[in-house]
Amino acid sequence: MQPMRIHRGQAIPLGQANIDTDQIIPKQFLKRIERTGYGPFLFNDWRYASDGQPKPEFVINREPYKHGTILIAGKNFGCGSSREHAAWALTNFGILVVIAPSFADIFHSNAANNGLLTVALPEEKVTELLAKAESREKYELTIDVEKLTVSDAEGWSANFPLDSFRQHCLLNGLDQISLTLQRAAAIQAFEDRPKPY
Amino acid sequence: MPFKDVKVTAPKSLFDKLWESHVVWQEPSQPALIYIDLHLVHEVTSPQAFEGLRLAGRKVRRTDCTFGTVDHNVPTTREHRFNILDPIAAQQINTLRKNCADFGVTLADVGSAEQGIVHVIGPELGLTLPGKTIVCGDSHTSTHGAFGALAIGIGTSEVEHVLATQTLQQKRPKSMLVRVNGALPAGVTAKDLALGIIHQIGTDGGTGHCIEYSGEAVRGLSMEGRMTLCNLAIESGARGGMVAPDETTFAYIKGRKYAPQGEAWDKAVAYWKTLPSEEGAEFDRVVDFDATKLEPWVTWGTSPGMSVPVTGRVPKLEDARDEVEKAAFIRAYEYMGLTPGAALNTVMVDRVFVGSCTNGRIEDMRAAAKVIKGHKVNAKVRMLVVPGSEWVKQQAEKEGLDRIFTAAGAEWREPGCSMCLGMNPDIIASGERCASTSNRNFEGRQGRGGRTHLVSPEMAAAAAVTGHFTDVRQWDYKE
Ligand code: SF4
Numbered sequence: 059m060q061p062m063r064i065h066r067g068q069a070i071p072l073g074q075a076n077i078d079t080d081q082i083i084p085k086q087f088l089k090r091i092e093r094t095g096y097g098p099f100l101f102n103d104w105r106y107a108s109d110g111q112p113k114p115e116f117v118i119n120r121e122p123y124k125h126g127t128i129l130i131a132g133k134n135f136g137c138g139s140s141r142e143h144a145a146w147a148l149t150n151f152g153i154l155v156v157i158a159p160s161f162a163d164i165f166h167s168n169a170a171n172n173g174l175l176t177v178a179l180p181e182e183k184v185t186e187l188l189a190k191a192e193s194r195e196k197y198e199l200t201i202d203v204e205k206l207t208v209s210d211a212e213g214w215s216a217n218f219p220l221d222s223f224r225q226h227c228l229l230n231g232l233d234q235i236s237l238t239l240q241r242a243a244a245i246q247a248f249e250d251r252p253k254p255y
Numbered sequence: 008m009p010f011k012d013v014k015v016t017a018p019k020s021l022f023d024k025l026w027e028s029h030v031v032w033q034e035p036s037q038p039a040l041i042y043i044d045l046h047l048v049h050e051v052t053s054p055q056a057f058e059g060l061r062l063a064g065r066k067v068r069r070t071d072c073t074f075g076t077v078d079h080n081v082p083t084t085r086e087h088r089f090n091i092l093d094p095i096a097a098q099q100i101n102t103l104r105k106n107c108a109d110f111g112v113t114l115a116d117v118g119s120a121e122q123g124i125v126h127v128i129g130p131e132l133g134l135t136l137p138g139k140t141i142v143c144g145d146s147h148t149s150t151h152g153a154f155g156a157l158a159i160g161i162g163t164s165e166v167e168h169v170l171a172t173q174t175l176q177q178k179r180p181k182s183m184l185v186r187v188n189g190a191l192p193a194g195v196t197a198k199d200l201a202l203g204i205i206h207q208i209g210t211d212g213g214t215g216h217c218i219e220y221s222g223e224a225v226r227g228l229s230m231e232g233r234m235t236l237c238n239l240a241i242e243s244g245a246r247g248g249m250v251a252p253d254e255t256t257f258a259y260i261k262g263r264k265y266a267p268q269g270e271a272w273d274k275a276v277a278y279w280k281t282l283p284s285e286e287g288a289e290f291d292r293v294v295d296f297d298a299t300k301l302e303p304w305v306t307w308g309t310s311p312g313m314s315v316p317v318t319g320r321v322p323k324l325e326d327a328r329d330e331v332e333k334a335a336f337i338r339a340y341e342y343m344g345l346t347p348g349a350a351l352n353t354v355m356v357d358r359v360f361v362g363s364c365t366n367g368r369i370e371d372m373r374a375a376a377k378v379i380k381g382h383k384v385n386a387k388v389r390m391l392v393v394p395g396s397e398w399v400k401q402q403a404e405k406e407g408l409d410r411i412f413t414a415a416g417a418e419w420r421e422p423g424c425s426m427c428l429g430m431n432p433d434i435i436a437s438g439e440r441c442a443s444t445s446n447r448n449f450e451g452r453q454g455r456g457g458r459t460h461l462v463s464p465e466m467a468a469a470a471a472v473t474g475h476f477t478d479v480r481q482w483d484y485k486e
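If you read the sequences in order, they're chains A and B. Count along the first sequence from 1, then add 58; that gives the number in this note's numbering. Count along the second sequence from 1, then add 7; that gives the number in this note's numbering.
This is how it looks when you write it as structure tokens:
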């Protein structure tokens with residue numbers, strides 16, 4: 059996992075509430091054997107017509123959003139099935155941060171396991187951000203993981219909550235495995251202890 | 008000071024001992040880091056885990072504690088075993104081959120004498136042993152608990168975590184004791200016991216718990232029977248199921264390929280004898296189950312808890328315990344094509360499946376063969392018998408069981424998960440009804456629209472002959 063201290067990137071406005079994991083990555087892509095390569099299928103059914111052609115009006119098919127790294131969405135983002143592929147699809151596409159009023163539980167932990175930052179902001183703040191992102195030709199946000207703030211170049215700023223454990227993981231680029239590997243000495247000691255047979 | 012050196016320790020349960028002897032690290036109010044002694048890997052839940060290792064430049068920490076096989080996707084017909092038609096299945100299997108080769112993991116591949124369903128081969132090879140912590144990216148890992156091991160199913164991220172660190176971050180499950188009182192009546196099997204327990208405690212009755220099964224009936228089960236019982240622990244929502252090791256366990260393990268030998272064997276047995284729960288050990292929950300009134304069971308609905316004795320009837324709506332169950336009943340009648348109040352022994356079947364990690368072991372093959380010997384599979388029924396492993400297949404053929412099945416008109420196949428889930432070509436058609444020795448009767452589990460009834464191997468064989476569910480206690484055995 060890459061450490062994240064300060065991230066600056068284009069915002070992608072996608073304001074619906076209850077965007078479920080079936081929408082984020084439909085089930086036909088679950089049979090794949092990779093953890094990468096899901097980016098082209100992110101929001102597949104919204105993004106492509108049934109003949110496979112990209113729908114020009116869908117937000118991530120348009121400039122400048124197609125290069126965006128910060129998704130702004132409605133409440134209860136990531137509800138539905140527990141598929142970890144949802145987090146993979148977002149990060150594979152290049153999205154590093156999702157801002158929403160709230161997140162589904164399992165998505166939240168899947169995101170954490172994959173270095174995807176979930177920023178929960180009050181509904182009215184999210185609405186303001188959505189409006190700005192939709193109306194500016196280019197709209198960049200800065201996420202400061204140390205100070206726990208979201209801000210733009212126009213002086214708009216908000217604080218967001220993050221538990222200290224996840225903050226520590228993000229700042230140091232630690233996933234669950236890296237964290238466990240910090241206990242390598244304890245694991246080694248366990249393996250070295252005398253065996254009953 | 009006479010009491011100074013007397014250590015007062017509370018009596019411990021089998022679960023307490025297994026858990027406590029595997030904690031590597033514990034921070035207050037956080038999940039524990041527990042050590043994993045055996046990690047079984049198969050083609051469906053491992054590809055992303057291996058890829059994760061590759062991306063992070065990590066290795067498999069203990070290749071000697073990791074063992075792979077192919078089971079879920081493998082075709083069970085000889086002509087397609089090495090020529091898999093489904094490109095996705097072929098890709099998953101080839102990926103496991105490459106991953107095992109790249110990372111140095113032993114693989115029991117198709118064609119190898121050790122290949123088979125992951126939960127059948129672990130015990131068979133002597134990899135599954137008492138006192139071990141065992142994980143696999145598959146929910147029926149609970150099967151291995153039959154040996155007095157702590158065995159739990161995990162997800163893909165956890166598979167990667169175990170590959171990289173040989174540990175797992177886990178919240179300590181609660182403990183539960185299911186005391187089975189009395190002995191099993193004649194003609195009643197471990198499968199019936201397991202279904203009976205699920206019926207009593209519910210499909211979420213074990214949620215958050217690790218179950219220990221004890222009592223006379225459990226002690227009296229063979230290892231195969233205990234595995235069937237623990238296999239189905241997960242269908243009551245439990246994290247794991249287990250049975251304390253005893254002489255039956257040791258006799259099963261002795262001489263198996265990876266089991267301790269010579270001096271190590273004696274030491275191992277001495278250690279294993281210290282594992283059973285002590286008198287007075289505390290459990291978070293204790294449930295009593297009366298084995299003496301048990302009959303052969305049949306599931307009628309779309310969850311393993313929706314079951315009745317074979318002499319019973321499909322429950323009526325007023326039998327539902329609450330509104331939620333009522334709604335589930337209505338949906339199940341419709342999906343299963345059954346009328347409330349119908350006698351179970353009048354329900355006709357189209358398909359019979361003997362196999363899976365629940366009932367695909369040699370004893371199950373023998374039990375089904377004994378019933379079917381000298382009879383013919385009903386003309387309206389198609390019966391599939393799928394040994395759980397290559398070893399089971401070889402052994403059954405040595406004993407002539409394959410010929411008993413084929414003489415009766417059943418199909419004898421190559422080992423794999425087969426019709427337990429529709430991931431390979433063995434599926435049932437929409438609307439078809441199947442008497443199955445597997446573990447899940449969920450909607451669409453054996454094929455879209457397929458109707459599954461879970462039964463023991465004996466009951467499955469009897470249904471194959473008569474064409475409907477039949478009380479095997481009245482069977483006309485032809486020697
Ligand atoms: S036999 Fe069925 S339950 Fe067992 S491992 Fe295979 S698919 Fe899973």
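By construction, the Cβ of each residue, glycine as well, lies at the ideal position given by its N, Cα and C atoms. This structure is a prediction, so every number in the text was calculated from the model and none was measured.
Query raised in the report: In chain B, which residues lie with their C-beta within 8 Å of the C-beta of A:Y106?
Result: Within the first sequence, the letter at position 48 stands for residue 106 of chain A. Simply none; closest approach about 21 Å.
Query raised in the report: Does any heavy atom of ligand 1 sit closer than 7 Å to the C-beta of B:V393?
Result: The sequence position of residue 393 of chain B within the second sequence is 386, counting from 1. No.
Report task. Residues of the region 76–106 of chain A with a CB closer than 9 Å to any CB of chain B: list them in chain order, please. Result -> Within the region 76–106 of chain A, those residues whose Cβ lies closer than 9 Å to any Cβ of chain B are, in chain order, K89, R90, I91, E92, R93 and T94.
Query - Uninterrupted alpha helix (DSSP H) stretches inside the region 269–335 of chain B (no shorter than 4 residues) - result: Listed in chain order, they are 269–279.
Query raised in the report: Hey, quick one: how far does the alpha helix (DSSP H) through B:S363 stretch, first residue to last?
Result: Sequence index remark: in the second sequence, residue 363 of chain B carries index 356 (1-based). Per DSSP, B:S363 belongs to the alpha helix (DSSP H) from S363 to N366.
Report task. Return yes when the C-beta of A:N134 is under 7 Å from any heavy atom of ligand 1, and no when it is not. Result -> Start at 1 with the first residue of the first sequence, and residue 134 of chain A comes out as number 76. No, the beta carbon of A:N134 sits no closer than 7 Å to any heavy atom of ligand 1.
Query raised in the report: Going by the C-beta, is B:S445 closer than 7 Å to any heavy atom of ligand 1?
Result: Looking up residue 445 of chain B in the second sequence gives position 438. Distances from the CB of B:S445 to the heavy atoms of ligand 1 include at least one below 7 Å.
Report task. Tell whether a beta-carbon distance below 8 Å holds between B:E50 and B:H79. Result -> If you number the second sequence from 1, residue 50 of chain B lands on position 43. If you number the second sequence from 1, residue 79 of chain B lands on position 72. For B:E50 and B:H79, yes; Cβs fall inside 8 Å.
Query - Within-8 Å CB hit, A:A144 to chain B - result: Taking the first residue of the first sequence as position 1, residue 144 of chain A is located at position 86. No, no contact with chain B.
Query raised in the report: If you measure from the beta carbon of A:A244 to each beta carbon in chain B, is any gap under 8 Å?
Result: Locating residue 244 of chain A in the first sequence gives position 186, counting from the first residue. Output row for A:A244: interface = yes.
Query - Top-ranked residue by Cα proximity to A:K205, from A:I70, A:D221, A:S236 and A:P122 - result: As a working note, residue 205 of chain A is residue 147 in the first sequence. The shortest C-alpha separation from A:K205 is found at A:D221.
Query raised in the report: Under 7 Å from any heavy atom of ligand 1, does the C-beta of B:I124 make it?
Result: The count along the second sequence starts at 1 and reaches residue 124 of chain B at position 117. Result yes, Cβ under 7 Å from ligand 1.
Query raised in the report: Quick one: what does DSSP say A:C137 is sitting in, helix, strand or coil?
Result: Residue mapping note: residue 137 of chain A aligns to position 79 of the first sequence, counting from 1. DSSP places A:C137 in the strand class (E or B) of the three-state scheme.
Query - Whole-Å CB distance - A:I245 paired with B:Q173, under 8 Å assumed - result: As a working note, residue 245 of chain A is residue 187 in the first sequence. As a working note, residue 173 of chain B is residue 166 in the second sequence. That pair is a contact at about 7 Å.
**Report entry** B:I95 at chain A interface by Cβ criterion, 8 Å
**Finding:** Sequence index remark: in the second sequence, residue 95 of chain B carries index 88 (1-based). Closer than 8 Å to some Cβ of chain A, the Cβ of B:I95 qualifies, so yes.
Query raised in the report: the region 22–46 of chain B: which residues have C-beta closer than 7 Å to a C-beta of chain A, in chain order?
Result: Listed in sequence order: V31, W32, L40 and Y42.
Query raised in the report: So B:G59 is in the beta strand (DSSP E); what residue range does that whole segment cover?
Result: Numbered from its first residue, the second sequence carries residue 59 of chain B at position 52. Annotation for B:G59: no beta strand (DSSP E) segment contains it, though the alpha helix (DSSP H) segment containing it runs P54 to A63.
Query raised in the report: Should A:Q234 be flagged as near chain B, meaning a C-beta pair shorter than 8 Å?
Result: On the first sequence, residue 234 of chain A is found 176 positions in, with the first residue counted as 1. True, the Cβ-Cβ gap to chain B drops below 8 Å.
Query raised in the report: So is B:T172 in contact with chain A if we call contact Cβ pairs under 8 Å?
Result: Start at 1 with the first residue of the second sequence, and residue 172 of chain B comes out as number 165. With 8 Å as the cut-off, B:T172 counts as an interface residue toward chain A.
Query raised in the report: Are any of the Cβ atoms in chain B nearer than 8 Å to that of A:N171?
Result: Looking up residue 171 of chain A in the first sequence gives position 113. Under the Cβ criterion of 8 Å, A:N171 is counted among the residues facing chain B.
Query raised in the report: Excluding sequence positions up to five away, which residues of its chain have a Cβ less than 8 Å from the Cβ of B:A470?
Result: One-based indexing of the second sequence puts residue 470 of chain B at position 463. So the qualifying residues of the chain are V356, V359, V388, A442, V462, F476 and T477.
Report task. Given a cut-off of 8 Å, decide if B:T353 and B:N238 are closer than it, judged by their beta-carbon atoms. Result -> The sequence position of residue 238 of chain B within the second sequence is 231, counting from 1. The sequence position of residue 353 of chain B within the second sequence is 346, counting from 1. B:N238 is not a Cβ neighbour of B:T353, given a cutoff of 8 Å.
**Report entry** Members of the region 311–322 of chain B that neighbour chain A once the beta carbon cut-off is set at 9 Å
**Finding:** Against chain A - using a Cβ distance shorter than 9 Å - the region 311–322 of chain B contributes no residues.
**Report entry** CA-to-CA distance, B:A39 to B:E465, given in whole angstroms
**Finding:** To locate residue 465 of chain B, count along the second sequence from 1; it is residue 458. To locate residue 39 of chain B, count along the second sequence from 1; it is residue 32. In this model, B:E465 and B:A39 are separated by some 43 Å (Cα to Cα).
Report task. Report, in whole angstroms, the separation of the C-beta atoms of B:D371 and B:E486, which I expect to be a contact under 8 Å. Result -> Residue mapping note: residue 371 of chain B aligns to position 364 of the second sequence, counting from 1. Residue mapping note: residue 486 of chain B aligns to position 479 of the second sequence, counting from 1. The Cβ separation is near 20 Å, so there is no contact.
Query raised in the report: Regarding B:C424 and ligand 1, is the C-beta to nearest heavy atom distance less than 7 Å?
Result: Taking the second sequence and counting its residues from 1, one reaches residue 424 of chain B at position 417. Distance from the C-beta of B:C424 to the nearest heavy atom of ligand 1 is below 7 Å.
Report task. Flag this pair as yes or no: are the beta carbons of A:F218 and A:L188 separated by less than 8 Å? Result -> Along the first sequence, read from residue 1 onward, the residue named residue 218 of chain A stands at position 160. Along the first sequence, read from residue 1 onward, the residue named residue 188 of chain A stands at position 130. No; because the gap between Cβ atoms is not below 8 Å, this pair is not in contact.
Query raised in the report: Which bits of chain B does A:R241 rub up against, with CB to CB less than 7 Å?
Result: Along the first sequence, one-based indexing puts residue 241 of chain A at 183. The contacting residues are V31, W32 and L40.
Query raised in the report: DSSP on A:R66, reduced to helix/strand/coil?
Result: Taking the first residue of the first sequence as position 1, residue 66 of chain A is located at position 8. Three-state result, A:R66: strand.
Report task. Hey, could you find the ends of the beta strand (DSSP E) B:A39 is sitting in? Result -> Residue mapping note: residue 39 of chain B aligns to position 32 of the second sequence, counting from 1. Segment A39 to Y42, the beta strand (DSSP E) holding B:A39.
Query raised in the report: Can you tell which of A:R251, A:K183, A:T176 and A:L228 has the C-alpha that lies nearest to the C-alpha of A:L148?
Result: Walking along the first sequence from the start, residue 148 of chain A turns up at place 90. Between A:L148 and the set A:R251, A:K183, A:T176 and A:L228, the nearest pair of CA atoms involves A:T176.
**Report entry** Exposed unless 16 or more other CB atoms sit within 10 angstroms - verdict on B:A271
**Finding:** Position 264 of the second sequence, counted from the first residue, corresponds to residue 271 of chain B. Exposed, by the Cβ-count rule.
Query raised in the report: A:F43 touches chain B at which residues, Cβ-Cβ below 7 Å?
Result: Lying outside 59 to 255, the shown extent of chain A, residue 43 of chain A is not represented and no answer is given.
Report task. Would you list the residues sitting across from B:D433 in a DSSP beta bridge? Result -> On the second sequence, position 426 is the one that residue 433 of chain B refers to. Answer is none; B:D433 lacks a bridge partner.
Query raised in the report: Taking the alpha-carbon positions, what's the B:L136 to B:G144 distance?
Result: Position 129 of the second sequence, counted from the first residue, corresponds to residue 136 of chain B. Position 137 of the second sequence, counted from the first residue, corresponds to residue 144 of chain B. C-alpha separation (whole angstroms): 19 Å.
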